[in-house]
Amino acid sequence: MSIPNIITLGRIMLVPIVVWAIVSSQMEVAFAVFVVAGVSDAVDGFLAKRFNMASELGALLDPLADKALLVSIYMALGIWGAIPRWIVILVVSRDIMIVTAVIVSWLFDKPIPMRPLMVSKLNTVAQVAFAALVLASLAFGFNPAPYDMILMGLVTVLTLASVSLYLVEWVRHMSTIDAK
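Printed below as a string of structure tokens:
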């Protein structure tokens, strides 16, 4: 168990705290926990690369921690009414479709290599920026317009592009299965 993996596990443990803070209207706490999670993501990535501490476990845990945090925040903000529910459905559905595709490929004994696409990385950055802006506006009482609409549009476009490219890649991968 490496230090980066311990940091990543700590980030996963922050998920229920940030959700509690949002649903309890403790937006300053939610924003602070979100910032701590973001810093921990940067620190574990830096340590893993700089000190050659990368591991297979870390390669699985890190994106899981990121997705658990983002999906939970989007769902909590959607339920709370801070962001439109359709964007929550879009973001969560993308992740469900990707995970389902990976599981189906495993079930067919045809595991698909897990390589994040550039559009997916950009999508994550846009999702983080949108969540951070919404949480900050709720915590500090400012109007995020028009930046919230710009970021929400960017999240929408990048989410749709990302899921489309992943599904095309998955269909190509799975089309090589022999019929029995």
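Number 426 in our numbering belongs to position 179 of the sequence shown; there are no gaps in the numbering.
Note that the Cβ used here is the ideal one computed from N, Cα and C, for glycine as well.
Indicate the three-state DSSP secondary structure (helix, strand or coil) for I343 in the structure shown.
helix
Please report the distance separating the alpha-carbon of I264 from that of M396.
27 Å
Under 8 Å by Cβ, that's how I've got A315 and L382 pegged, so tell me the actual separation to the nearest angstrom.
Rounded, the Cβ-Cβ distance is 16 Å, inconsistent with contact.
T406 and L317 closer than 7 Å at C-beta
no
Using only the alpha-carbon positions, how far apart do I424 and V410 sit?
22 Å
Short check: CB of A323 to CB of I269, under 7 Å?
yes
Enumerated in chain order, which unbroken segments of the beta strand (DSSP E) with a length of 3 residues or greater are wholly contained in the stretch 367-420?
none
Presumed contact (8 Å Cβ cut-off) between L414 and M344, rounded CB distance:
7 Å
When burial is assigned at 16 or more other CB atoms within 10 Å of the CB, is G328 buried or exposed?
exposed
Please report the residue range of the alpha helix (DSSP H) in which D356 lies.
Run containing D356: none; DSSP gives neither H nor E here.
To the nearest angstrom, report how far apart V266 and S272 are at their CA atoms.
10 Å
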